[in-house]
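Chains A and B are the protein sequences, given in the same order. Take 1 as the starting number for the first sequence in our numbering and just add one per residue. Take 1001 as the starting number for the second sequence in our numbering and just add one per residue. Notes follow once the structure below has been shown.
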Amino acid sequence: MSAAPGTARRARPQAARPRSQPRARPRAGLRARLRRDWPLLAMTAPAAALLLVFHYLPTLGNVIAFQDYNPFVGDDPVEAFLHSEWIGFGNFEALFTDPLFWDAVRNTLTITAFQIVFFFPLPILLAILLHSLVSGRVRGFVQSVVYLPHFFSWVLVVTFFVQMLGGAGLLAQRMREAGLRPWDVMTNPDTFIVLVTAESVWKDVGWGAIVFLAALAAIDPHLYEAAAADGAGRWRRLWHITLPGLRPVIVLLLIMRLGDALSVGFEQFILQREAVGRDAAEVLDTFVYHQAIATQQWGLGAAAGLFKAVVGLILIVAANKLAHRLGEQGVYSRS
Amino acid sequence: MTPPPQGASTDRRTLLRLLGLGAAATAGGAALTGCSKEAGSSGSATRSDAIRAVLPAHRPADLLKPDIPGEGPIPDGYLGYPRQLVDAVTEQPGRGGGTIRSMSPWWGPTPPTLGNNSYLAAVNAKLGVDVSPSLQDGTTYADKLNAMLGARDVPDLLSVPNWEVDKVARFSDAVRALFEDLTDHLRGDAAAKYPYLAALPTGAWEYSVWGGRLAAVPFPTDGPFAWALFQRRDLVVKAGLAAPTSPAELHELGRELTDPAKGVWAFGSVFDMVQQFYGCQQTWRRKPGGGLEHKFENPAYRAALEFTAKLFADGLVHPDTVASKGADEKQLFKAGKIIMFQDGLGAWQGVQGEQSKVLPSFDMQPVPVFGASGGPAVIWGSEKPIFFTFLRKGLGADRVDELLRVLNWCAAPFGSREFELREYGVEGKHFTRAADGSPLPTDLGRKELGAQYTHIGGRVPVKVRSGDTPNFVRDYLDYYRKNIGLMEKDLFAGIKLELPANWSKLLQPTEDKIRDILRGRRPIGDLDGVAKEFLASGGEEGRAFFEKALADNGR
């Protein structure tokens, strides 16, 4: 907002001072600022209201993590909050003493780690590849084709994989015709992690490439020209210009992914749970569904949600600190 | 019109709930110290004698004499369609109230909503008030229901399947908080104001009482069996094979019918039916010396599990059933890719009628019930109503009266114009008449009808011959008559059990383990361990709870 013309005018007398002096700009009075900024405030008001109503207000509902929440006591939903019994950390104890919960956490983290190694780099590669295509038409076409699966629901994606790779699918039938024994792709618990990662890649690799393509477009083409003039080959340009140009975005997305470490999706796993069994397919979200939502232990579900949020917050802050140490900007900058 | 696969959930859920008993023990054993307390209700059982005082006085309102009269829970059968229909309701039910929002389950493609649906327009014109139905997928109904009840945001008329009621923790609290008490409107002779509601069987009303008050209008069952094992009889006969009379023959039949190269497998899901062939109880059975025996303690369960696991191991089960939760077995069955699978008997007439147009020789029939290893089979079933219709609380007596009048219209019996409009829509539009006068649904009829008024309105169940299912009524009633003697009596009939919330926590884990054995991910020998763990971690507590419920009711 400091870029508003009015600010510049009011701030002029002090503008010559060195930046190191923080009190460079005296704050105008509230009324004056309101008069000056009201169009901007009016423009942000709806978004702020939405945020308040749909994010901050429901956050209060997390109190049920500390309650034996019964949605049917009292005369209205607010009374249900007020009249449900407080049970301290009972829900958390039930959660943390449940071995099934830790199974789910372990599965979730394993899948996250696996996907950070085998899924996360792929959109970057794809973006670089697409960026290097000269023909705009070919690039547009390829982009549309690889974006498209993102808009499919998981039911469709899983069905598609079953139809292609399942025991009665295209591949299996062709193999039978050729006298071969079909591979067990869809129902093998041992390779399930590869399967879900493959499904995620198929669905989202094109979508994930968008943000990297934008970052690539922001790299100054003169750098490439200058490097080429100096005799830098393809790989050297990639290493010294492209990747450094992408680094802030890569770090940003990596940190955000870490914050989401305990979420690897829900539908994808619940749909394939029977095929490979609980031991392979139980992740935190399906655990919460079966143990809290389906049995209406709302308090337990809220406790699991809070646990996820706290772990995510710690991971984001820690990863961000590390990024700062390494001289990166991270999710938010230091000053 | 396609009645739901009520078995699909009832039996499995009942088992699951029982399995959940363990949670109480696990949580109780954990160190719940300091200021922490345990969450979840501890369950209760309402005595059956508290119920009788609030029931409506029964007044039969049959318009036509059935060709095959029903017996007990078996519905009346009609082999012809009446040439002359009568007006069952002379006074328009609507009283000038606003649009009535309703929600009910439907198993099939969602029909168009009010404003784009000529069937709804036609019925609403008759009712004199707009009903705006919201149909939700029956297989995921619980998800919607849970959210709706939890948010205390319910429509004017809410249809709740009985197996979903069992899953909702603290359901009686929900009934008290959210739904109208109908006792004063319907108790005793007051029900005479709504003659077709008063005509619903008293047995069905008995289940509609919560906390000693009449809380819902029941949708009586049109046959108590949970499941049947359906076969494509046309394909079995074509292959020159006979109906199996033992598990060994069933396995052999499966081997002959399975042909992966053609994409054909003998079986879809069958485990529940196999258990019944082996004579295994659905959950509990009375021991000769007193007390209850859980199915895990019955050797028949182990034998059924072993047999079914072998079907999977030998590759006789369709890979889609193996691979995904949402395998559409009905579609695979229609296409002849699955030859046998279990489904509720409600699916029968709809599939047969629809497919006989595509393939005239299409013949869907239940596999005749046989016993394994010398003993007789048992059939799981219950006379519980399929759905309950609840009215939103706080609408005022006049509006409640209007809603009950609408439900009364929706419950009009066979032989009335109201019945025909409700079940088949408008003649020439949603159905045409076969030579014998029976309605044949048109494509528009199939598209626009989704039992929008049937599933909320009770109705006395009947089975009616239709032009596209000429043999159905006889086949259906024969199957029931032949096997009704095998049905295991529901020990808890009429006792409203509300199982502790904590119990359900072990359901899914135990079901997961059993499935691992079925699919060959664990050896059959693990069953002993699973059963032991189940009993030790809460099964015994459950036994005590159920035995006490029986003792309290003098059974």
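Idealized CB from N, CA, C, for every residue including glycine.
Residue environment, residue i, which counts as buried when at least 16 other CB atoms sit within 10 Å
i: Ser1382 (chain B); result: buried
i: Lys1384 (chain B); result: buried
i: Gly179 (chain A); result: exposed
i: Asp1516 (chain B); result: buried
i: Asp340 (chain A); result: Beyond the ends of chain A as shown, which are 1 and 335, falls residue 340 (chain A); an answer cannot be given.
i: Gln1276 (chain B); result: buried
i: Tyr56 (chain A); result: exposed
i: Glu1252 (chain B); result: exposed
i: Gly1022 (chain B); result: Below a pLDDT of 50, predicted positions are generally treated as unreliable, and Gly1022 (chain B), at 32, falls in that range; the measurement from the model is reported next regardless. Gly1022 (chain B) is buried by the Cβ-count criterion.
i: Gly233 (chain A); result: exposed
i: Gly1223 (chain B); result: buried
i: Phe307 (chain A); result: buried
i: Arg1405 (chain B); result: buried
Near the ligand SAH: residue i beta-carbon under 7 Å from a heavy atom
i: Asp260 (chain A); result: The ligand SAH is absent from the structure shown, which contains no ligand whatsoever.
Chain A contact for residue i (CB, 8 Å cutoff)
i: Gly1263 (chain B); result: yes
i: Arg1602 (chain B); result: Outside the modelled stretch of chain B, which goes from 1001 to 1555, sits residue 1602 (chain B), for which no answer is possible.
i: Lys1238 (chain B); result: no
i: Val1209 (chain B); result: no
i: Cys1035 (chain B); result: Low local confidence applies: a pLDDT of 48 at Cys1035 (chain B) is under 50, so the model's placement there is unreliable, with the coordinate-based value given in what follows. So, interface residue.
i: Gln1508 (chain B); result: yes
i: Pro1260 (chain B); result: yes
i: Ala1024 (chain B); result: Residue placement at Ala1024 (chain B) is flagged as unreliable, the pLDDT there being 32, under the threshold of 50; the coordinate-derived value follows with that caveat. Not one chain A Cβ lies under 8 Å of Ala1024 (chain B).
i: Arg1255 (chain B); result: no
i: Ala1313 (chain B); result: no
i: Leu1155 (chain B); result: For the record, residue 1155 (chain B) in the displayed sequence is Pro; it is not Leu. False, the Cβ-Cβ gap to chain A never drops below 8 Å.
i: Arg1392 (chain B); result: no
i: Gly1150 (chain B); result: yes
i: Pro1319 (chain B); result: yes
i: Asn1162 (chain B); result: no
i: Arg1515 (chain B); result: yes
i: Val1165 (chain B); result: no
i: Arg1521 (chain B); result: yes
i: Arg1170 (chain B); result: yes
i: Lys1463 (chain B); result: no
Helix, strand or coil at residue i according to DSSP, with G and I counted as helix
i: Phe152 (chain A); result: coil
i: Asp1076 (chain B); result: strand
i: Thr59 (chain A); result: helix
i: Met186 (chain A); result: coil
i: Ala226 (chain A); result: helix
i: Val201 (chain A); result: helix
i: Ser1466 (chain B); result: strand
i: Phe1492 (chain B); result: coil
i: Gln1231 (chain B); result: strand
i: Val1217 (chain B); result: strand
i: His1430 (chain B); result: coil
i: Pro1509 (chain B); result: helix
i: Pro46 (chain A); result: helix
i: Ile1068 (chain B); result: strand
Minimum Cβ-Cβ distance from residue i to chain B less than 8 Å
i: Val162 (chain A); result: yes
i: Gln268 (chain A); result: no
i: Arg278 (chain A); result: yes
i: Met186 (chain A); result: yes
i: Pro58 (chain A); result: no
i: Phe72 (chain A); result: yes
i: Gly301 (chain A); result: no
i: Glu83 (chain A); result: Looking at the sequence itself, residue 83 (chain A) is His, so the reference to Glu does not match. No, His83 (chain A) does not count as interfacial toward chain B.
Exercise. Per the contact definition of three or more C-beta pairs closer than 8 Å, is the segment 1364-1371 of chain B in contact with the segment 1220-1234 of chain B?
Worked result: yes
Exercise. Which runs of the beta strand (DSSP E), 3 residues or longer, sit entirely within the segment 1237-1278 of chain B?
Worked result: 1265-1267
For this session: With a floor of 3 residues, list each beta strand (DSSP E) that falls wholly inside the segment 1299-1360 of chain B, ordered by position along the chain.
Result: 1338-1343
Exercise. Which full runs of the beta strand (DSSP E) of 3+ residues lie inside the segment 1082-1138 of chain B, going along the chain?
Worked result: 1100-1106, 1131-1137
Problem set entry | Ranges of the alpha helix (DSSP H) found wholly within the segment 1126-1197 of chain B, counting only runs of at least 4 | 1141-1150, 1162-1167, 1171-1178, 1183-1186
Exercise. For the segment 1363-1422 of chain B, which segments carrying the alpha helix (DSSP H) assignment without a break, of at least 4 residues, lie completely within its bounds, in sequence order?
Worked result: 1397-1410
Exercise. Can at least three beta-carbon pairs, one atom from the segment 1206-1213 of chain B and one from the segment 1330-1349 of chain B, be found at a separation below 8 Å?
Worked result: no
Problem set entry | Minimum length 4: unbroken alpha helix (DSSP H) runs contained in the segment 64-129 of chain A | 77-83, 90-96, 99-118
Exercise. Whole alpha helix (DSSP H) runs in the segment 238-283 of chain A with 4 or more residues, listed along the chain?
Worked result: 243-259, 267-276, 278-281
Exercise. At a cut of 8 Å, does the segment 1435-1452 of chain B reach the segment 1475-1484 of chain B through at least three beta carbon pairs?
Worked result: no
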